[in-house]
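Let me begin by presenting the structure, written as structure tokens, before commenting on it.
Protein chains: 2
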Amino acid sequence: MWIKTTPRPREISQLPNSAIPVTLVSIKVACSQCSLRELCLSEGLSKEELAKLDGLVGTRRKLRRGQHLYRAGDPFEALYAVRTGFFKTDVLIEDGRDQVTGFQMTGEILGMDGISTEAHSCNAVALEDSEVCLIPFAQLEHLSREIKALQHNFNKVMSRELVRDQGLMMLLGTMRAEERLAAFLLNMSQRFTLRGYSPAEFHLRMTREEIGSYLGLKLETVSRAFSRFQEEGYIAVQQKHIRILDIEGLRQLLNHRNI
Amino acid sequence: MWIKTTPRPREISQLPNSAIPVTLVSIKVACSQCSLRELCLSEGLSKEELAKLDGLVGTRRKLRRGQHLYRAGDPFEALYAVRTGFFKTDVLIEDGRDQVTGFQMTGEILGMDGISTEAHSCNAVALEDSEVCLIPFAQLEHLSREIKALQHNFNKVMSRELVRDQGLMMLLGTMRAEERLAAFLLNMSQRFTLRGYSPAEFHLRMTREEIGSYLGLKLETVSRAFSRFQEEGYIAVQQKHIRILDIEGLRQLLNHRNI
DNA sequence: GAGTCGTTTTGATCCACATCAATACACACG
DNA sequence: CGTGTGTATTGATGTGGATCAAAACGACTC
Numbered sequence: 066m067w068i069k070t071t072p073r074p075r076e077i078s079q080l081p082n083s084a085i086p087v088t089l090v091s092i093k094v095a096c097s098q099c100s101l102r103e104l105c106l107s108e109g110l111s112k113e114e115l116a117k118l119d120g121l122v123g124t125r126r127k128l129r130r131g132q133h134l135y136r137a138g139d140p141f142e143a144l145y146a147v148r149t150g151f152f153k154t155d156v157l158i159e160d161g162r163d164q165v166t167g168f169q170m171t172g173e174i175l176g177m178d179g180i181s182t183e184a185h186s187c188n189a190v191a192l193e194d195s196e197v198c199l200i201p202f203a204q205l206e207h208l209s210r211e212i213k214a215l216q217h218n219f220n221k222v223m224s225r226e227l228v229r230d231q232g233l234m235m236l237l238g239t240m241r242a243e244e245r246l247a248a249f250l251l252n253m254s255q256r257f258t259l260r261g262y263s264p265a266e267f268h269l270r271m272t273r274e275e276i277g278s279y280l281g282l283k284l285e286t287v288s289r290a291f292s293r294f295q296e297e298g299y300i301a302v303q304q305k306h307i308r309i310l311d312i313e314g315l316r317q318l319l320n321h322r323n324i
Numbered sequence: 066m067w068i069k070t071t072p073r074p075r076e077i078s079q080l081p082n083s084a085i086p087v088t089l090v091s092i093k094v095a096c097s098q099c100s101l102r103e104l105c106l107s108e109g110l111s112k113e114e115l116a117k118l119d120g121l122v123g124t125r126r127k128l129r130r131g132q133h134l135y136r137a138g139d140p141f142e143a144l145y146a147v148r149t150g151f152f153k154t155d156v157l158i159e160d161g162r163d164q165v166t167g168f169q170m171t172g173e174i175l176g177m178d179g180i181s182t183e184a185h186s187c188n189a190v191a192l193e194d195s196e197v198c199l200i201p202f203a204q205l206e207h208l209s210r211e212i213k214a215l216q217h218n219f220n221k222v223m224s225r226e227l228v229r230d231q232g233l234m235m236l237l238g239t240m241r242a243e244e245r246l247a248a249f250l251l252n253m254s255q256r257f258t259l260r261g262y263s264p265a266e267f268h269l270r271m272t273r274e275e276i277g278s279y280l281g282l283k284l285e286t287v288s289r290a291f292s293r294f295q296e297e298g299y300i301a302v303q304q305k306h307i308r309i310l311d312i313e314g315l316r317q318l319l320n321h322r323n324i
């Protein structure tokens with residue numbers, strides 16, 4: 066049984082900021098000082114190159130929970146690196162149907178969908194109070210022609226997104242409900258781990274409906290799968306708070322198609 | 066009723082080759098002479114820049130129907146531009162499940178999934194005898210640092226792929242079987258049109274099973290939907306040969322969710 | 001022209017998830 | 001502290017597409 070007093074995992078918004086001294090100079094962001102380097106674009110850059118990237122990533126933007134970072138159709142000008150917070154992207158078509166296409170957390174890059182047509186093709190919404198670094202795209206391209214590593218990093222980020230999409234297609238095309246949710250939880254766990262949080266305990270920022278939309282399921286089905294996982298002892302659920310009790314069990318649920 | 070003697074649409078393999086004089090010089094391909102410029106990477110490049118791109122796109126590779134262009138896990142070295150023919154990409158997981166993630170035709174670029182990890186994440190198979198242009202990736206990055214338009218074109222191609230994936234997620238996540246097939250047919254029609262073929266009559270290169278895998282359906286469901294479309298007068302089907310009789314009807318089937 | 005194999009079509013049945021509906025819970029606000 | 005609102009859970013029922021099965025068709029070989 067899940068105990069109410071279990072300490073919550075450290076919230077993203079409580080990320081140690083000590084690495085970013087808030088001086089007049091560094092208010093305009095500094096990739097070189099950013100703790101998210103390895104997830105972002107600045108990996109493998111020399112000091113001088115980092116300084117140039119710092120010059121490019123000019124401003125930050127704060128968003129309140131529920132605010133749009135951009136909307137489908139908005140002119141594309143910049144990419145956004147999530148500094149703190151949590152986002153979802155979604156697409157919607159005329160008849161009202163919509164689909165969440167992704168959840169983005171610290172260190173991940175938003176907006177690449179806009180490059181092809183100079184306009185964004187989806188909406189990006191903050192699921193909690195968040196902050197992003199603005200990366201003017203024309204300048205990024207310019208600097209990428211100068212800095213080989215930056216160019217390569219950016220190509221890798223785009224490609225990583227393509228691979229992620231492949232995985233999601235696989236999920237949507239071939240998996241049953243519980244497999245989808247298991248895959249989702251394992252993915253979340255992995256991403257939290259990468260960011261230094263507990264792999265086993267985290268707080269979901271999205272509703273059951275948003276999870277369902279992302280996984281191609283109805284919210285009731287998501288809720289039932291959560292309950293089922295809890296009954297089976299895989300996880301402990303308390304609303305949006307998740308504790309993974311048997312990560313190996315979840316993995317097996319994914320791999321060994323239990324026909 | 067469909068008449069057997071209806072002339073088939075011009076096959077891709079019958080593309081006029083006159084634009085590519087087969088001389089000793091041009092055997093090593095020439096983007097500058099390629100009729101697929103606007104689909105590919107060479108749009109907006111000056112004469113000198115085109116010449117440099119020609120130097121990069123060194124060799125072609127011919128594949129017989131059924132041959133793999135690359136397999137998941139293969140080291141990533143180059144991108145491939147489809148010159149003639151038709152490909153599918155698919156992912157498969159341990160337990161035997163697999164999913165077709167895309168069909169690629171003339172002028173489209175394959176292999177971008179490999180950039181992120183230096184290894185391909187999916188398989189690419191020729192669905193008919195085909196020919197690709199080999200684009201060594203390191204050299205493409207090198208030249209992209211020199212040629213602004215090439216860099217931008219490449220970024221656009223990657224981004225276009227991201228947007229395509231979004232559409233596919235939408236399809237897999239929210240559409241019913243007949244909507245999926247309608248979307249598929251309209252997409253095929255549009256892509257054939259772009260290449261100068263009839264929007265209304267074409268030859269599918271893939272099996273029902275491959276269509277099903279791509280659309281997240283079983284082959285029987287695909288077959289039934291085809292039959293249904295024929296009964297309703299939307300299309301005429303004869304095995305892999307498709308004639309669209311009521312393109313507007315198909316569009317409406319997609320947009321106006323007929324609850 | 002008979003025989004084989006892969007593909008497609010069509011029918012009968014089943015089941016996973018959607019849908020509909022009611023209740024419970026958490027959180028914000030007067 | 002009650003009251004409202006959005007979110008989550010749980011139950012009962014319906015259905016779209018999967019599954020199982022068989023037949024038809026086309027392409028290829030001998």
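Residue numbers (the numbering used here), protein chains in the order written: chain W, 66 to 324; chain U, 66 to 324.
Cβ coordinates follow ideal geometry from the N, Cα and C atoms, glycine included.
{"Asked": "Cβ-based contacts, 7 Å cut-off: residues of the segment 142–153 of chain W near chain U", "Found": "none"}
{"Asked": "Contacts around arginine 270 of chain U, its chain only, beta-carbon distance under 8 Å, and the 5 residues preceding and following it disregarded", "Found": "Phe151, Phe168, Leu192, Glu193 and Lys305"}
{"Asked": "Chain-ordered neighbours of asparagine 252 of chain U on chain W, where CB pairs are closer than 8 Å", "Found": "Within chain W, no residue comes near asparagine 252 of chain U; the closest Cβ sits about 15 Å away, beyond 8 Å."}
{"Asked": "Contacting residues, own chain, Cβ-Cβ under 7 Å from leucine 310 of chain U (five flanking each side not counted)", "Found": "Gly298, Tyr299, Ile300 and Ala301"}
{"Asked": "Test item: CB-CB of alanine 242 of chain U and threonine 286 of chain U under 7 Å", "Found": "yes"}
{"Asked": "Of the residues W/Asp163, W/Leu280 and W/Tyr145, the one placed nearest arginine 126 of chain W, counting alpha carbons only", "Found": "W/Tyr145"}
{"Asked": "Enclosing alpha helix (DSSP H) for leucine 250 of chain W [first to last residue]", "Found": "242–259"}
{"Asked": "Beta carbon proximity, asparagine 220 of chain W to chain U, threshold 7 Å", "Found": "yes"}
{"Asked": "Residue burial classification, threonine 258 of chain U (beta-carbon count within 10 angstroms, cutoff 16)", "Found": "exposed"}
{"Asked": "Leucine 208 of chain U beta carbon less than 7 Å from that of leucine 199 of chain U", "Found": "no"}
{"Asked": "Rounded distance between the beta-carbons of asparagine 188 of chain W and histidine 133 of chain W, thought under 8 Å", "Found": "6 Å"}
{"Asked": "Contact set between isoleucine 239 of chain W and chain U, taken where Cβ atoms lie within less than 9 Å", "Found": "The question names isoleucine, yet the displayed sequence has threonine at residue 239 of chain W. Under the 9 Å cutoff, chain U gives Ile158, Arg162, Asp163, Gln164, Ser278 and Gly281."}
{"Asked": "Stretch-stretch touch, CB-based, cutoff 8 Å, three pairs: the segment 172–179 of chain U with the segment 112–128 of chain U", "Found": "no"}
{"Asked": "Where the beta strand (DSSP E) through threonine 286 of chain U begins and ends", "Found": "No beta strand (DSSP E) contains threonine 286 of chain U, which is instead part of the alpha helix (DSSP H) from 284–296."}
{"Asked": "Proximal chain W residues relative to valine 122 of chain U, where beta-carbon distance stays under 9 Å", "Found": "None at all; the shortest Cβ gap to chain W is about 18 Å."}
{"Asked": "Closest residue to lysine 112 of chain W among W/Ile212, W/Glu183 and W/Asp139 (Cα-Cα distance)", "Found": "W/Ile212"}
{"Asked": "Simplified DSSP state of glutamine 304 of chain U, which is helix, strand or coil", "Found": "coil"}
{"Asked": "Beta carbon of alanine 184 of chain U nearer than 7 Å to that of proline 140 of chain U", "Found": "yes"}
{"Asked": "Inter-stretch contact at 8 Å, needing at least 3 Cβ pairs: the segment 280–294 of chain U / the segment 236–252 of chain U", "Found": "yes"}
{"Asked": "Threonine 124 of chain W, enclosing beta strand (DSSP E) - first and last residue", "Found": "First-last for threonine 124 of chain W: undefined, no H or E at that position."}
{"Asked": "Distance, serine 292 of chain U Cα to glutamate 325 of chain W Cα", "Found": "Past the boundaries of the shown model lies residue 325 of chain W; chain W is included only from 66 to 324, so the question cannot be answered."}
{"Asked": "Any C-beta of chain W under 7 Å from that of serine 107 of chain U", "Found": "no"}
{"Asked": "Option in W/Ile276, W/Tyr279, W/Gly277 and W/Met235 with minimal Cα separation from isoleucine 158 of chain U", "Found": "W/Met235"}
{"Asked": "Interface partners of lysine 213 of chain W on chain U, CB under 9 Å", "Found": "Glu206, His207 and Arg210"}
{"Asked": "With 16 other Cβ atoms within 10 Å as the buried cut-off, status of arginine 136 of chain W", "Found": "exposed"}
{"Asked": "One or two residues paired with proline 201 of chain U in a DSSP bridge", "Found": "U/Ala143"}
{"Asked": "Among W/Ile180, W/Pro201 and W/Val190, the one whose alpha carbon lies nearest that of methionine 223 of chain U", "Found": "W/Ile180"}
{"Asked": "Top-ranked residue by Cα proximity to leucine 128 of chain U, from U/Glu275, U/Arg308, U/Phe294 and U/Val147", "Found": "U/Val147"}
{"Asked": "Cβ pair leucine 251 of chain U, leucine 315 of chain U closer than 7 Å", "Found": "yes"}
{"Asked": "Where threonine 149 of chain W falls, given that 16 or more other Cβ within 10 Å makes a residue buried", "Found": "buried"}
{"Asked": "Cβ-based burial, glutamine 255 of chain W [other Cβ within 10 Å; buried from 16]", "Found": "exposed"}
{"Asked": "Assumed close pair histidine 237 of chain U, glycine 238 of chain W - CB separation to whole angstroms, cut-off 8 Å", "Found": "It should be pointed out that residue 237 of chain U corresponds to leucine in this sequence rather than to histidine. Between glycine 238 of chain W and leucine 237 of chain U the Cβ distance is about 5 Å, and since that is below 8 Å, they are a contact."}
{"Asked": "Interface residues of the segment 181–206 of chain W facing chain U [CB-CB below 7 Å]", "Found": "Ser181, Ser186, Cys187 and Glu206"}
{"Asked": "Limits of the alpha helix (DSSP H) - the one that alanine 214 of chain W falls within", "Found": "213–239"}
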